[in-house]
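Okay, structure first, notes after.
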Amino acid sequence: MIASAPGKIILFGEHAVVYGRHAVVSAINLRCRVAVRKSAKFLIRSSLGESGLDYQRYPYVVQAVKRFAELKEVPGAKIEIESEIPVGSGLGSSAAVTVATIAALNAEFDGGMDKEGIFQMAKQVEIDVQGRASGIDPFISTFGGSWLFPERRKVKLPFKFFVINFGSRSTAEMVAKVAKLRERHPEVVEKIFDAIDAISLEASDVGSAERLEELIAMNQSLLRAIGVSNPEIDRTIAELERRGLKAKITGAGGGGCIFGLFKGEKPGESFIVEPEKEGVRIEE
Ligand code: PMV
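Next comes the structure, spelled out in structure tokens:
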């Protein structure tokens, strides 16, 4: 069976969401497709190469197989992955491959899970692999749409976004960096999280592009304050501002992607994404 799951863009609230604050997140129109066929042994194939159950190369896929095998016996499987989502850049590539792998295993081996079951298993896999996590990525990849998280309230996002990719980095490292800063300055960092929380709540009800851009700029400044921007990103965002465009990091930062509202002008290095309604689905 083949399953596909979308990537995502966190509009507001990354990092603060790990500490119980709100985030606004949307699925995007880039997908990861995973084909799973019953087989005598295990084989995983993607543009990263071919292997057996190699955790170093495919941590999310291997852990997904292990967790699924606790539900249903899997003697072997041929797993083929194709993804339109840039890897390790904050657009939810890891969650999309995890969710699509679990959904394809579920369909191929009659696991009997509904979407909630797939989400819960994918969330467990994310925690297994990267430690502390809010579950926001597997949630959005499973259910699609645009949401205020964690209470699962749908939000309207009648916008397209430009995205610029600064290359891959480790989410776990950035999450650990913020955790350390919070240990050193708990009073200050908690108040920054509160401000980010207020931004997410206000953004979940905003219809105007102008107000949303103000919130984008404020959220970026707060992300910079907690140490997850970098000089290259700061320079690019300043240049975009001179051209009247606001942008912020999406996801863990320290590299990865920045985004802003697409208003008809596409900045040089960028690509355009739009909100996606559908979450994980069986393709055949
Ligand atoms: O993996 P990323 O870059 O999409 O980051 C996930 C968002 C964080 O808030 C940084 C971590 C989390 O688990 O919510």
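Residue numbering for the sequence shown follows this note's numbering, beginning at 1145 and increasing consecutively. We treat Cβ as the ideally placed atom computed from N, Cα and C, and that holds for glycine.
Collapsed DSSP secondary structure at residue i in the structure displayed
i       : result
Ala1283 : A small correction: the amino acid at residue 1283 is Phe; Ala does not occupy that position in the sequence shown. Correct three-state label for Phe1283: helix.
Phe1310 : coil
Ala1179 : strand
Arg1368 : helix
Asn1374 : coil
Ser1195 : strand
Lys1298 : strand
Ala1277 : coil
Arg1387 : coil
Ile1229 : coil
Ser1352 : coil
Arg1211 : helix
Arg1165 : coil
Arg1425 : strand
Met1257 : coil
Leu1345 : helix
Lys1410 : coil
Lys1335 : helix
Arg1326 : helix
Leu1249 : helix
Gln1264 : helix
Beta-carbon separation (whole angstroms), residue i vs residue j, contact threshold 8 angstroms
i       : j       : result
Gly1151 : Ile1229 : 4 angstroms
Arg1175 : Ala1240 : 7 angstroms
Gly1234 : Gly1395 : 2 angstroms
Leu1292 : Ser1348 : 4 angstroms
Ile1308 : Ile1402 : 5 angstroms
Ile1146 : Glu1420 : Going by Cβ atoms, the distance from Ile1146 to Glu1420 rounds to 18 angstroms, so no, they are not a contact pair.
Val1209 : Leu1197 : 6 angstroms
Ala1353 : Lys1407 : 7 angstroms
Leu1316 : Gly1351 : Here residue 1316 turns out to be Ala, not Leu, going by the sequence shown. Not a contact, Cβ separation roughly 36 angstroms.
Ser1312 : Val1231 : 6 angstroms
Leu1367 : Pro1411 : With 8 angstroms as the limit, Leu1367 and Pro1411 do not qualify as a contact, their Cβ atoms being about 19 angstroms apart.
Ser1170 : Leu1345 : Rounded, the Cβ-Cβ distance is 16 angstroms, inconsistent with contact.
Val1273 : Pro1330 : About 27 angstroms separates the two Cβ atoms, so there is no contact after all.
C-beta contact flag for residue i and residue j at 7 angstroms
i       : j       : result
Gly1423 : Gly1255 : no
Val1162 : Gln1207 : no
Lys1390 : Asn1363 : no
Val1205 : Thr1245 : yes
Leu1359 : Ile1340 : no
Glu1224 : Arg1201 : no
Ala1149 : Ser1285 : yes
Gly1404 : Phe1306 : yes
Phe1212 : Leu1249 : yes
Arg1181 : Lys1216 : no
Ala1167 : Phe1337 : no
Ile1132 : Ile1172 : Outside the shown range of the chain, which is 1145 to 1428, sits residue 1132, and nothing can be said about it.
Glu1226 : Arg1177 : yes
Where residue i falls, given that 16 or more other Cβ within 10 Å makes a residue buried
i       : result
Ala1184 : exposed
Tyr1199 : exposed
Asp1281 : buried
Lys1267 : buried
Leu1356 : buried
Ile1416 : exposed
Ala1382 : exposed
Gly1399 : buried
Arg1326 : buried
Val1332 : exposed
Arg1328 : exposed
Gly1236 : buried
Arg1379 : exposed
Glu1260 : exposed
Ser1365 : exposed
C-beta neighbour in chain B for residue i, strict 7 angstroms
i       : result
Ala1342 : As a matter of chain content, chain B is missing from the structure shown, which is built from one protein chain.
Per DSSP, cross-strand counterpart(s) of residue i
i       : result
Ser1170 : Ile1153 and Ser1290
Pro1419 : Ile1172
Thr1394 : Cys1401
Lys1222 : Arg1181 and Leu1187
Phe1117 : With the chain running from 1145 to 1428 in the structure shown, residue 1117 is simply not present.
Ala1361 : Paired residue(s): none; Ala1361 is not in a bridge.
Ala1147 : Val1178 and Ile1426
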